[in-house]
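Number of protein chains: 2
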Amino acid sequence: MPTSAPPSNARARQKRERRLALIEAAQRLVGERGLDDVTVEEISAAAGLSTRTFFNYFDSKDDAVLGIQEIELDAEVRAEFVSGGPSGRLMTDLEALVAGFLRNAAPNIEQGERAMRLMISEPRLVQRHIAWHQRVVGELEALLAERRTARPSPVDDDTIGMVAGLLMRASALAWARSGYEGDAAAHLPEAVAQLRLLLDD
Amino acid sequence: MPTSAPPSNARARQKRERRLALIEAAQRLVGERGLDDVTVEEISAAAGLSTRTFFNYFDSKDDAVLGIQEIELDAEVRAEFVSGGPSGRLMTDLEALVAGFLRNAAPNIEQGERAMRLMISEPRLVQRHIAWHQRVVGELEALLAERRTARPSPVDDDTIGMVAGLLMRASALAWARSGYEGDAAAHLPEAVAQLRLLLDD
DNA sequence: GACGCTAATTGCATTGACTGCAACTTGCAC
DNA sequence: GTGCAAGTTGCAGTCAATGCAATTAGCGTC
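As they're listed, the protein sequences go chains A and B.
Take any residue in the first sequence, note its place counting from 1, add 2, and you have its number in the numbering used here.
Take any residue in the second sequence, note its place counting from 1, add 2, and you have its number in the numbering used here.
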């Protein structure tokens with residue numbers, strides 16, 4: 003394998019640790035002083051890194067506070083959805099898929115919880131959070147296009163994608179309301195039920 | 003009336019014109035060169051105003067391109083919704099309310115169309131657009147809280163708000179797909195139907 | 001254990017968005 | 001035309017974010 007060298011060991015570990023240090027510093031400082039009274043320079047210094055390095059890890063200050071990272075879906079979950087499974091009923095399968103995303107979203111549950119709390123005091127973060135949803139939804143729409151050949155649906159990809167995004171956020175909110183019991187994915191069925199209830203008037 | 007002086011005439015007119023000039027310049031320049039290759043300074047100059055004044059009209063460059071403004075709902079539509087009407091069925095009434103918002107959203111239909119087009123080439127604008135939805139949804143959630151006393155619902159305000167946001171965006175997309183026929187509100191029933199279709203699996 | 005290779009960090013300079021403030025201009029009422 | 005209030009502008013300053021070039025550090029090889 004010439005291209006994909008195994009990411010060694012110490013390198014990967016340091017990368018993970020530095021990333022976490024930045025998130026931790028960002029969340030702590032912003033919690034203490036508020037989003038606009040903390041500079042990237044301060045966050046970086048608190049994590050023992052240079053400002054320039056901060057931007058090697060995150061695209062923006064907000065991203066660091068939310069601990070945003072690339073999401074990647076389980077290969078098998080993905081393959082199953084694309085081929086029209088697991089149940090064959092779109093809404094049911096979508097639920098499974100969203101659960102897959104949610105579980106991979108926040109590897110560290112306390113970090114996710116802190117992010118949720120900060121969103122309440124800093125509305126701008128909600129916007130960034132929703133913007134991040136968009137990326138997941140984009141990924142998801144690609145899967146939908148593939149699945150469509152195996153199992154067509156009269157509903158637009160856009161709409162399905164938005165519903166998936168809605169479910170992600172609704173689950174997160176239900177999770178927060180529950181006092182952060184379990185993980186966000188555990189509250190997904192509740193979100194679906196609420197949505198059905200509303201649509202049935 | 004000591005406080006609310008009638009906004010005279012020439013003042014209001016100029017304000018409207020300058021606002022439009024800024025939006026027009028922003029949309030034109032961004033369409034020609036792309037969002038990141040146009041500065042606020044250039045937009046302001048093209049509209050014959052100072053950079054500083056630009057920021058008296060808009061909070062950010064993106065807002066100007068989208069022509070974002072404060073939304074305000076018809077007082078009667080609002081009152082009727084709060085008191086549990088017009089039909090008494092939440093989903094139906096929500097649809098009416100969203101239609102009300104949509105109609106007030108873009109006073110100038112061509113401007114809205116140009117904004118939609120630019121969102122396709124500049125994904126960052128989609129995020130801003132969705133963030134703007136958030137504000138509308140916030141407004142809406144206040145109404146929901148009021149309505150709740152007149153007519154309780156088992157569904158959370160959050161969820162209802164998100165569905166409203168979804169309907170707004172879905173209508174806009176359907177409008178775009180139709181080649182911008184009529185206005186966005188005209189495509190709302192279509193959006194609702196799609197949503198129902200999906201939920202019924 | 002030195003050698004080279006590549007990934008990652010860092011400093012530096014620069015651009016441009018955005019804000020606060022204070023002076024100024026302009027529309028409007030009397 | 002005089003005075004008031006709204007709106008505009010210039011100016012100085014802060015800070016996020018990016019590109020570039022130099023340096024450092026991990027890792028495999030001999």
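For glycine and all other residues, C-beta sits at the position ideal for the given N, C-alpha and C.
List the residues of chain A whose Cβ lies closer than 8 angstroms to the Cβ of residue i, in chain order.
i      : result
Q129/B : Q129, I132, A133 and Q136
Going along chain B, which residues have a C-beta under 7 angstroms from residue i?
i      : result
R18/A  : What R18/A touches in chain B: nothing, since even the nearest Cβ is about 28 angstroms away.
Q196/A : V157, D158 and T161
Compare the C-alpha of residue i against each of the options and name the closest.
i      : options                           : result
T94/B  : A195/B, D202/B and D61/B          : A195/B
L68/B  : Q129/B, R91/B and A14/B           : Q129/B
V100/A : V157/A, E19/A, G167/A and A152/A  : G167/A
E192/B : K63/A, S180/A, H189/A and V157/A  : V157/A
L120/A : K17/A, A107/A, D38/A and E72/A    : D38/A
R115/A : S52/A, R91/A, S155/A and G184/A   : For the record, residue 115/A in the displayed sequence is Glu; it is not Arg. Looking at the Cα atoms, G184/A is the closest of the given residues.
E74/B  : D61/B, R91/B, A108/B and Q16/B    : A108/B
H189/A : S123/A, S155/A, R105/A and P154/A : R105/A
L22/A  : I70/A, S155/A, V42/A and L169/A   : I70/A
A172/A : A12/B, L201/B, A77/B and V165/B   : V165/B
F2/B   : D203/B, L200/B, N58/B and V79/B   : An answer regarding residue 2/B cannot be provided, because it is not within the stretch 3 to 203 covered by chain B.
R179/B : I122/B, R137/B, Q136/B and H131/B : I122/B
G50/B  : L199/B, R20/B and A14/B           : R20/B
I111/B : R91/B, Q136/B, G181/B and F60/B   : G181/B
P125/A : P125/B, Q136/B, E124/B and M118/B : Q136/B
Q16/B  : Y59/B, E43/B, V42/B and L200/B    : Y59/B
M118/B : L169/B, W177/B, E34/B and F83/B   : W177/B
A150/B : F83/B, R18/B, L201/B and R13/B    : Looking at the sequence shown, residue 150/B is not Ala but Arg. Measuring from the Cα of R150/B, the nearest candidate turns out to be F83/B.
E72/A  : W134/A, D202/A and L169/A         : W134/A
A98/B  : M170/B, D203/B and A14/B          : M170/B
I want to verify the contact list: residues of chain B whose CB lies under 9 angstroms from the CB of residue i, in sequence order.
i      : result
M93/A  : L200, L201, D202 and D203
L168/A : T161, M164, V165, G167 and L168
Closer than 7 angstroms by C-beta to residue i: which residues in its own chain qualify, once you throw out the five before and the five after it? Chain order, please.
i      : result
S89/B  : D95
T5/A   : Note that T5/A scores 36 on pLDDT, short of 50, meaning its location in the model is unreliable and no value can be drawn from it.
V40/B  : L31 and V32
D159/B : E143, L146 and A147
M3/A   : Any reading at M3/A must be qualified, since the residue scores a pLDDT of 36, below 50, and its modelled position is unreliable; no value is offered.
T53/B  : V42, E43 and S46
L199/A : none
Q113/A : I25 and G69
A48/B  : A27 and L31
Would you mind telling me which residues of chain A sit closer than 9 angstroms to residue i, beta carbon to beta carbon, in chain order?
i      : result
R171/B : D160 and M164
For residue i, which residues in the same chain have their Cβ closer than 6 angstroms to its Cβ, ignoring the five residues on either side in sequence?
i      : result
A174/B : A186
L197/A : none
S85/A  : A152
A7/B   : Bear in mind that a pLDDT of 43 at A7/B, under 50, signals an unreliable position, so the number given afterwards is only what the model happens to contain. No residues qualify anywhere along the chain.
Residues of chain A with CB closer than 7 angstroms to the CB of residue i, please, in chain order.
i      : result
L175/B : D160
Please return the same chain residues whose Cβ sits closer than 8 angstroms to the Cβ of residue i, not counting the five positions on each side in sequence.
i      : result
I45/B  : L24, A27, A28, L31, F56, K63 and A66
G163/B : V139, G140, L142, E143 and L146
L92/B  : R153, S155, V157 and I162
G87/B  : D95
E76/A  : Looking at the sequence itself, residue 76/A is Asp, so the reference to Glu does not match. Contacts found: G102 and N106.
G36/A  : S123 and E124
L127/B : L37, D64, V67, L68, A117, L120 and M121
Contained alpha helix (DSSP H) runs [length at least 4] in the region 151-183 of chain A, N- to C-terminal order: Correct list: 159-179.
Every unbroken alpha helix (DSSP H) inside the region 58-128 of chain B [4 residues or more]: Scanning the region 58-128 of chain B for uninterrupted alpha helix (DSSP H) segments of 4 residues or longer gives 63-68, 77-84, 92-107 and 111-123, listed from N- to C-terminal end.
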